[in-house]
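Working notes for the structure below.
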Amino acid sequence: MRYAKPTTTAQAVSLLNEEQGISRILSGGTDVLVQIKAGMLEPDLIVDIKHLEGIKDITLEDGGYRIGAAVSGAQLGEHEGVAALWPGVVEGFELIGSTQVQGRATMAGNLCNGSPAADSVPGLITADAIARIEGPDGTRDCAIIDIPVSPGKISLAKGEFITSIYLPKRPERASDAYLRFIPRTEMDIAVVAAAVSLELDVDGVCIKARVSLGAVAPTVLLVETAADCIVGTKLDDAALEALSVACSAVCNPIDDKRGTIEFRTHTAGVLAKRAALIAYGRAGGQK
Amino acid sequence: MALDENGKRIFKVVGTRPPRPDGIDKVTGRAMYGADATAPGMLQGHILRSPHAHARIKSIDTSEAEALSGVKAVVTAKDFGLPDDESVLDVQDNCMARDKALYDGHPVAAVAASSAAIAKKALKLIKVDYEILPHVTDVDEAMKPDAPIVQTGRAMEDLPDGLSENVTYHFEFGHGDMDAGFAKADKIIERSFKTAATHQGYIEPHACLASMNSDGKGELWCCTQGQFYVRELCADIMQMDASQLRVTASEIGGGFGGKTTVFIEPVALALSRKSGRPVKIVMTRDEVFRATGPTVSSSTDVKIGMTKDGRITAAHATLRYQGGAFPCGTVQFGAQSAFAAYDLEAVQTIGWSALTNRPKEAAYRAPGAPMAIYAVESVVDELCQELNLDPLDVRLKNAAQKGTKSSYGPTFDDIGLKATLDAAKAHPHYAAPLGPNQGRGLSCGFWFNFGGNTCVSMNLNFDGTVGITEGNPDIGGSRASISQMAAEELGIPYEKVRTIVADTNSIGHNDVTDGSRVTFAVGLATIKAAREAIKEMCTRVAKIWDIDADAVYWEDGYAKPSGPNAGTFDPMSLEEIAAISAQTGGPIAGHHEVNADGAGVSFGVHLVDVEVDPETGATTVLRYTVFQDAGKAIHPDYVEGQMQGGAVQGIGWALNEEYIYGEDGLLQNPSLLDYRIPVASDLPNIDTVILEIPNPGHPYGVRGVGETPIVPPLAAISNAVSRALDLRMFELPMSPPKILKALSSKV
Amino acid sequence: MKNIHVSTTINGDPTEFICNPDESLLDVLRNRLGLTGAKEGCGTGDCGACSVTVNGRLVCSCLVLGVEAEAAEVETIEGMANGEKLHPLQQHFIDGAALQCGVCTPGILVAAKALLEKNPNPTDTEVRYWLAGNLCRCTGYDKIIKAVQSAAAEMRGA
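Protein chains in written order, with the working numbering: chain E, 1 to 287; chain L, 1 to 747; chain U, 1 to 158.
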């Protein structure tokens, strides 16, 4: 295994593009180093991107925030602006691992690990966040939902890597929330997860919503049928029940050591309902 | 050694909370644990493990690994002999598979190399030809006549028809007329329960450093609960004299029973012997889970009859335990302890033990008792609910006490069960209001406690300080409590005493640190050694004063003349006596060697409040109080620490911890991510109430306290969850999917 | 696999070492620098026994490569006491019997120090969540939480 520490994006791209063997990006390392340790992965080249310019920056851009690919959970959590604008995204990311893991883990890494249970991904999808990708063909932007392909696989081409994630601006009376189910209070992988982002009118009626579920299918899902259940409502009990049913209906989970199909399907609906209520309250909705 | 007659003794050092002698080393990172040692020329040892649950080893080709540059030795079962003792052979076979790999993770070969990277590379070059065999991991399946046979020729004598050859042990205990007892009952409940295997979960993985010389002398440094037992096992396996192998116990990073045997030590010794270099082996967490001893898993049927007013008329339990791929007698402890808390006229327990394709069971804190008592206390609680009786009143009504013939045979002496139940009843926790979806559970717990072989040596230094040499690794603060007992007896300050844990050449045999025996047995031997030293000091003083030795007595750290007839002399302190000991006959010491009995059984009661989320099945522990009889709490902080730590291990067992095997017989969760031990944010404070009902078998009344606290949480939490849901739970762990499933089937 | 030369600062001391590119910072500390206070309980970031800080951030040193320490400031348990004077957390852990076997203790102390630097007056719940990544199997955490709080109180008063 070789270790490279490029200082420019171009260097990083060419290192990744020219590597004949297996290459991996190192940013927080909280997934990749575990995989190497477990013998699941034997990379020939590790490219540490933490020394690229701007890669650890959080910058205001068009009313939204551009978050560098090497921004850690601890750093993001300390940024009051992002937490105020996209609390659901921040809380999802901050749930990953321990305080120690938060000192290193990055959202881009969580996304590129390709896990359907990735805690930051449902929030990013409901936020309609955009990943900026550098590669041999230059720079491109890609919606988060188009990045995961299947468990452990993402859509980035050889030589490509994410340099930042953009969280767009949002109007007043809009907010989001993320909930996951784990058997303990910390330190687990999501058994089921739900993120809800919504926008209210002056009367507290939901005029726009996005709902996303994690760990219930091979990739994180965007559930438009569920969002439709709450648009036009004040999240009354009937709307929430419909949301819950719609969420459970789209689940296609697996039975594994972390949970059963039955449990995941049921709990997805419960969490979506609860996350919707939290987001509604954060957006200024009165129940 | 009986309780001192002055039972009302006012203690000066015992019962206080001085700083532990190993404290500074442990808070500064200086303490040396198993993996922290190095030796000149040291090699790294790594172990190749079976990827199959059950497979015949047709051949192992190590030639490519041996040829790799940097590899200094490769060993397989061929490098070990065949010990005569079957139990030693089992230990050896568990360390290195001979003909068959018996479980996922069973070692099949090992390499010592100049670096870890080379050793790992070499493992990949070893070619093992396996013939995969059918496997069984569930205890009930393993007992069926058509089950895959884990090991042939290990069945119990007179195996009953209809049972598999996997059944290795059968035990029965009890007394009284069962039919007559059940006939007297107003209500009989019979239920079946299952508990998953759990792991001790010590944070320090097993580690050792072995050095064998060509002259046959060996040195072994390892984290263990018993260096003497390690020496005996390793000497037997290596076919060397015990005197030639010196074993030094490192600081130990948790054991809970799991470090009472050997896994890697014989392998490191064999690699060292073959390579002629010191060899260090450190397990990964994955190896710890796959190949060191978890508990048994269990399947239990309990039937109890009760009168309307809460008197138990008869009680019956059948326990089926699997302890992995080797015979395991743990079910005996389960069958003995199941009904220990009750004074019963008719009681019977039957235990069965079966082999499965799982790692060999190792002791875990009160081995065998938690799962048995979980089943019993669950049925008692259900009877209380059905008969609308207060669960503490029912326990008090049936509680074992002094003079009770226990369900497993012996008649109890002074015990503290009623006192703990009374304390629980009087505690504000028991009367506190509960909210919606909340439930309160309680359970009794019991452990036998052990004494065992113990040696202590006490030396008075010329400056009046005292050194104590003992042979039991300190897993819960025992160096502090032993120093306290020595200081108490000698009448000197705690700070003047230093206790060390010696290697196997520096003191006589000590049994393993297990059975909650150390504060009791080593304490007892320490007190006896101190009394011997005191006797010698009085003899020396008598010589100085030129009076009879009988005319000198010891009080509060001074030798004094026993009365006017003895003469008038200024008392002499230990410091003064020690200072001139070279002139009065030489250094002064005391020592004591004993196979201690009279350990005194231990009872506890746990109270817990939980809240269950009816939509997700998640359980939150809201409040927890432990009541336990400690006999005499030498260092109350460490008694509380045992009560709190044991309770939390039990909480993990009740709610989330489990060995999960797939259809392929492979362990699915060998990591601290997916084997979910409780984290700090899962828990409330664990409140403690120490009762002190002196043990008649110890001079200060000490009872072991370490094991009992893991026994009650399983049933206490199950009872709390069952009451919160108004739905009985019969299986552990009560993970959220299980609770949700039970709820969905509730009519 | 060629070794890489690394210049770093550990507990305030300029330190140089060479290591393999795939070697963890924990392995470097323990095997190359003799700093065995950080322990490996899992190697996967699940137990926290290897906690150190790198540039002020609390991390698991098993999930950091040794080469990443280049030009960084690393703090370990060995640097916590000031000569013979224990840090208040260390003293309160001893006084409050907040350790039994002690193998998780270095990691917990390093983590707790990082907490109190960020939040000198945490609630019990905040302490429990901050330390959720530090597994302790002996104590049930009760006395650990109390010791952190009593150290915090002393540090606030000082």
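Each residue gets a CB set at the ideal place from its N, CA and C atoms; glycine is no exception.
For Y638 of chain L, the enclosing alpha helix (DSSP H) covers residues 636-655. If you look at Y430 of chain L, you'll find it isn't in any beta strand (DSSP E); it sits in the alpha helix (DSSP H) that goes 428-431. As DSSP reads the structure, C444 of chain L sits in a beta bridge with L:V605. For F333 of chain L, the closest alpha carbon among the candidates L:T295, L:G324, L:D309 is that of L:T295. From the listed residues U:E84, U:F93, U:T105, the smallest Cα separation to G41 of chain U is found for U:T105. Taking a 10 Å sphere around the C-beta of I507 of chain L, we find 16 or more other C-beta atoms and assign the residue as buried.
Residue state for M572 of chain L is assigned as strand, using DSSP reduced to three classes.
Not a single C-beta of chain U is nearer than 8 Å to the C-beta of Y659 of chain L. Across the structure, D548 of chain L and N565 of chain L are spaced so that their CA atoms are roughly 11 Å apart.
Closer than 8 Å to the CB of V101 of chain E there is not a single CB belonging to chain L. The stretch 67-85 of chain E makes no contact with the stretch 92-105 of chain U: fewer than 3 CB pairs, one atom from each, lie closer than 8 Å. Taking a C-beta cut-off of 8 Å against chain U, the contacting residues of the stretch 64-88 of chain E are S72, A74, listed in chain order.
Taking P14 of chain U as reference, the option from U:N121, U:L135, U:E73, U:E126 with the minimal CA-CA separation is U:E73. Taking all protein chains in view, the Cβ of Q92 of chain L is crowded by 16 or more other Cβ atoms within 10 Å, so the residue is classified as buried.
With a cutoff of 8 Å on beta-carbon distance, A35 of chain L and A207 of chain L are scored as near each other. Taking C-beta separations shorter than 6 Å and ignoring five residues to either side along the sequence, the partners of D90 of chain L in its chain run F326, following chain order. Interface flag for A111 of chain U against chain E is set, since a Cβ pair is found closer than 8 Å. Taking the C-beta atoms as reference points, E70 of chain U is found nearer than 8 Å to T8 of chain U. Scanning its chain for C-beta atoms nearer than 6 Å, with the 5 sequence neighbours on each side dropped, one finds around A112 of chain U the residues L89, V148, in chain order. Bridge pairing for E251 of chain L: L:Y33 [DSSP].
Just so you know, the alpha carbons of N461 of chain L and I588 of chain L end up roughly 8 Å apart.
One alpha carbon belongs to A268 of chain L, the other to F193 of chain L, and they sit about 41 Å apart.
Using a Cβ-Cβ cut-off of 9 Å, G12 of chain U is close to nothing in chain L; its nearest Cβ partner there is about 16 Å away.
Sixteen is the threshold: when 16 or more other Cβ atoms of the shown chains lie within 10 Å of the Cβ of R723 of chain L, as they do, the residue is buried. The alpha-carbon of G23 of chain L is positioned some 6 Å away from that of I94 of chain U.
Counting the other Cβ atoms within 10 Å of the Cβ of V149 of chain E gives fewer than 16, which makes it exposed.
Contact annotation: G64 of chain E and Y178 of chain E have beta-carbon atoms that are not nearer than 8 Å. Counting C-beta pairs with one atom in each stretch, the stretch 565-576 of chain L and the stretch 378-395 of chain L have fewer than three that are closer than 8 Å, which means they do not touch. At least one CB of chain E lies nearer than 8 Å to the CB of L740 of chain L. When DSSP reads this structure, L222 of chain E sits in a beta bridge with E:S212. For Q200 of chain L, no pairing in a beta bridge is given by DSSP. Against chain L, the beta carbon of V103 of chain U has neighbours under 7 Å at Y33, I203, E204, G253, G254, listed in chain order. Residue pairing by DSSP places K100 of chain L opposite L:R56 in a beta bridge. When only Cα atoms are considered, K85 of chain U and E154 of chain U end up about 15 Å apart.
Per DSSP, D176 of chain E is one residue of the beta strand (DSSP E) stretching across 174-181. Residue pairing by DSSP places Q322 of chain L opposite L:S297, L:A354 in a beta bridge.
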